[in-house]
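Please read the structure below before turning to the comments.
Number of protein chains: 2
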Amino acid sequence: MDFKSELKKRAIDAEEIIKKYMPKEEGYQKTIMEAMNYSLSSGGKRLRPILTLEACRIVQGCNNNAIPFAAAIEMIHTYSLIHDDLPALDNDDLRRGRATNHKVFGEAMAILAGDALLNFAYEIMLKESIGKENPERYLKATYEIARGAGIYGMVGGQVVDVQSENTKIPKEKLDYIHENKTAAMMVGCMRAGASVGGATKEQMDYITDYAQKIGLAFQIVDDILDIVGDEAKLGKHVGSDIENNKSTYPSLLGLEKSREIAKSLIEDAKKSISKVTDDTEFLHGLADYILSRDH
Amino acid sequence: MDFKSELKKRAIDAEEIIKKYMPKEEGYQKTIMEAMNYSLSSGGKRLRPILTLEACRIVQGCNNNAIPFAAAIEMIHTYSLIHDDLPALDNDDLRRGRATNHKVFGEAMAILAGDALLNFAYEIMLKESIGKENPERYLKATYEIARGAGIYGMVGGQVVDVQSENTKIPKEKLDYIHENKTAAMMVGCMRAGASVGGATKEQMDYITDYAQKIGLAFQIVDDILDIVGDEAKLGKHVGSDIENNKSTYPSLLGLEKSREIAKSLIEDAKKSISKVTDDTEFLHGLADYILSRDH
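Residue numbers (my numbering), protein chains in the order written: chain A, 194 to 488; chain B, 194 to 488.
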């Protein structure tokens with residue numbers, strides 16, 4: 194497997210799935226669909242749907258049942274970005290080189306578009322689960338997403354992140370932010386994919402460990418790239434963490450130690466996923482990619 | 194049945210249920226729980242949980258299985274109020290006589306608290322449904338809520354409402370707003386309650402008709418009260434629709450015609466619910482109450 198071209202292929206597959214589930218732009222409320230689809234179509238790595246689909250595939254041999262979940266999870270990720278970019282939060286004008294949602298549609302519509310995407314994600318997961326065999330698996334899968342996205346997951350992480358601006362925080366608190374703001378949704382989407390695939394309790398535990406570790410490593414690498422990254426490759430301004438006096442892995446532990454921790458998390462993640470299946474080529478490749486990525 | 198004291202009793206029951214499901218205020222992310230609970234505790238008629246529980250009871254004889262849904266639906270209602278009150282939307286400082294969420298916790302936290310309540314509602318419904326008999330019913334019930342809350346329901350109505358400020362709109366569009374902003378969630382919560390209660394297709398249709406009609410009547414009465422209501426009883430400023438040049442039932446059709454339409458909707462709603470059960474005392478009383486309420 195040439196990992197990079199495989200990843201590209203899977204991102205294209207994920208794009209197709211997301212497109213298929215995007216709401217039609219019609220009716221009196223047409224503008225909200227336009228606002229949702231504007232942000233849904235603005236690219237990104239599509240890492241979360243890829244993880245959802247792969248978690249299902251490694252336990253079940255195919256990923257068909259996870260398809261609506263892949264679309265839904267990207268909608269939840271997109272809602273979180275729209276709300277994060279709002280003037281009251283990060284106040285960002287640009288996201289992936291395009292104007293942010295509120296810059297195009299106004300603040301009121303951006304707030305509602307975020308709300309709409311979060312809710313639409315559940316609408317899709319639930320609607321597509323009705324009438325399937327093993328309904329219990331789908332209830333569990335949707336719950337995994339809800340848990341990952343909520344106050345004991347992503348929103349919890351966002352809150353503490355917002356409150357920690359311009360303050361030096363201890364490593365435990367930084368870990369809480371990283372583990373919840375980023376890793377919790379990766380855990381949620383892999384557990385959801387594995388759940389619809391019918392994973393055993395043991396498989397679920399190892400998949401969870403893999404997701405947690407690549408999620409935390411992903412965020413540590415993000416912190417590192419904000420110092421040593423190439424603005425052109427990243428498509429965003431670097432150095433903002435230092436400018437904003439933000440506590441990060443490198444600011445608390447130094448660059449070298451941060452790299453070591455990320456590397457060790459990736460090695461452990463690979464070991465965990467090897468306990469689920471021998472068919473680990475893609476997920477090992479993905480773990481290595483997260484460590485070595487330059488954007 | 195003395196309807197008013199029965200309604201009061203049921204509102205107290207609903208309060209207890211909501212309280213039971215409120216998140217504990219603890220952890221690094223404690224502030225978000227405080228913000229959620231602040232708005233969840235600010236009173237209100239608790240009409241939606243009451244409807245959820247009653248829809249289950251009339252088809253199943255008890256409402257136990259609908260309890261988590263009753264709590265969840267009030268969380269969704271509360272999230273919609275928090276976001277509606279934001280400066281970018283209605284910019285309200287007061288809600289039910291208390292400072293609005295963003296006035297107390299700031300805009301960033303109010304946005305996140307709304308997001309958190311919407312997501313937490315799903316977390317509760319899904320978590321509490323796992324392991325129950327008839328999981329399919331719970332999937333359907335949760336889907337009903339999602340549909341009622343989303344772009345083909347409440348959010349759709351909010352969007353068109355926001356876009357229709359200061360413009361004269363035709364009655365069809367006003368009906369779209371009323372039916373979606375308000376009635377869709379009443380339909381969603383009654384369908385959810387009926388679904389966990391195991392309603393037949395026919396029962397579901399009549400319950401839907403009842404909910405749609407009392408929902409629309411509720412909103413028409415709201416329009417009327419904004420003209421003839423007593424500020425002290427309503428706990429809010431009256432006349433804002435005229436000040437904001439808002440199209441309403443009375444502005445389009447006059448007060449008398451609006452009252453007639455509301456009355457006829459209520460009569461039809463009562464007929465529909467009588468086709469589901471003979472045990473209609475509460476829901477007939479509620480329909481009459483919606484018509485005659487002065488707050």
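By construction, the Cβ of each residue, glycine as well, lies at the ideal position given by its N, Cα and C atoms.
Below-8 Å beta-carbon distance, residue i vs any chain A residue
i	result
Gly343/B	yes
Val389/B	no
His276/B	yes
Leu445/B	no
Lys217/B	no
Proximal chain B residues relative to residue i, where beta-carbon distance stays under 8 Å
i	result
Met226/A	Ile344
Proximal chain B residues relative to residue i, where beta-carbon distance stays under 7 Å
i	result
Val469/A	The contacting residues do not exist; Val469/A stays about 22 Å from chain B at best.
Ala309/A	Gly343, Ile344 and Val348
Tyr221/A	Val353, Lys366 and Tyr369
Bridge partners - residue i, DSSP secondary structure assignment
i	result
Ala292/A	Leu287/A
Interface residues of chain B facing residue i [CB-CB closer than 9 Å]
i	result
Arg250/A	Per Cβ cutoff of 9 Å: no residues; Arg250/A is ~23 Å from chain B at best.
Contacts of residue i in chain A (Cβ-Cβ under 9 Å)
i	result
Gly381/B	Neighbours of Gly381/B on chain A: none; closest Cβ ~11 Å, over 9 Å.
Leu282/B	Glu300, Ala301, Ile304 and Leu305
Leu279/B	Ala281, Glu300, Ala301 and Ile304
Glu316/B	Tyr336, Ala339, Arg340, Ala342, Gly343, Ile344 and Tyr345
Assumed close pair residue i, residue j - CB separation to whole angstroms, cut-off 8 Å
i	j	result
Leu244/B	Met379/B	6 Å
Lys394/A	His488/A	Between His488/A and Lys394/A the Cβ distance is about 37 Å, and since that is not below 8 Å, they are no contact.
Met302/A	Ile225/A	7 Å
Ile420/A	Leu448/A	7 Å
Met318/B	Ala265/B	5 Å
Leu141/B	Leu409/B	Because residue 141/B is not part of the residues shown, which for chain B are 194 to 488, the question remains open.
Gly391/A	Arg330/A	6 Å
Lys332/B	Ser322/A	The sequence given here places Leu at residue 332/B; Lys does not occur at that position. Sure, about 5 Å apart at Cβ, within 8 Å.
Gly343/B	Ala309/A	6 Å
Leu367/A	Leu282/A	With 8 Å as the limit, Leu367/A and Leu282/A do not qualify as a contact, their Cβ atoms being about 19 Å apart.
Proximal residues of chain A, C-beta to C-beta of residue i below 7 Å
i	result
Phe313/B	Gly343 and Ile344
Lys296/B	Within 7 Å Cβ-Cβ: nothing; Lys296/B doesn't reach chain A, min ~13 Å.
Contact with chain B by residue i, beta-carbon distance below 8 Å
i	result
Arg340/A	yes
Gly408/A	no
Ala377/A	no
Lys394/A	no
Gln356/A	yes
Leu448/A	no
Leu319/A	yes
As assigned by DSSP and simplified to three states, the class of residue i
i	result
Arg239/A	coil
Asn438/A	coil
Tyr482/B	helix
Thr245/A	helix
Lys361/B	coil
Asn257/B	helix
Ala356/B	Checking the sequence shown, residue 356/B turns out to be Gln, not Ala. Gln356/B falls in the helix class under three-state DSSP.
Gln222/B	coil
Pro443/B	helix
Tyr399/B	helix
Asn327/B	coil
Ala339/B	helix
Asp277/B	helix
Val389/B	helix
Gly346/B	coil
Lys497/B	Given a span of 194 to 488 for chain B in the structure shown, any question on residue 497/B remains unanswerable.
Ser451/A	helix
Gly307/B	helix
Met215/A	coil
Met194/A	coil
His371/B	helix
Val469/A	coil
Leu282/A	coil
Under 8 Å from the C-beta of residue i: neighbouring residues of chain D
i	result
Ile323/B	Included in the structure are the protein chains A and B, with no chain D among them.
Contact set between residue i and chain A, taken where Cβ atoms lie within less than 8 Å
i	result
Ala385/B	Under the 8 Å cutoff, chain A gives no residues; its nearest Cβ is about 11 Å from Ala385/B.
Lys361/B	The contacting residues do not exist; Lys361/B stays about 15 Å from chain A at best.
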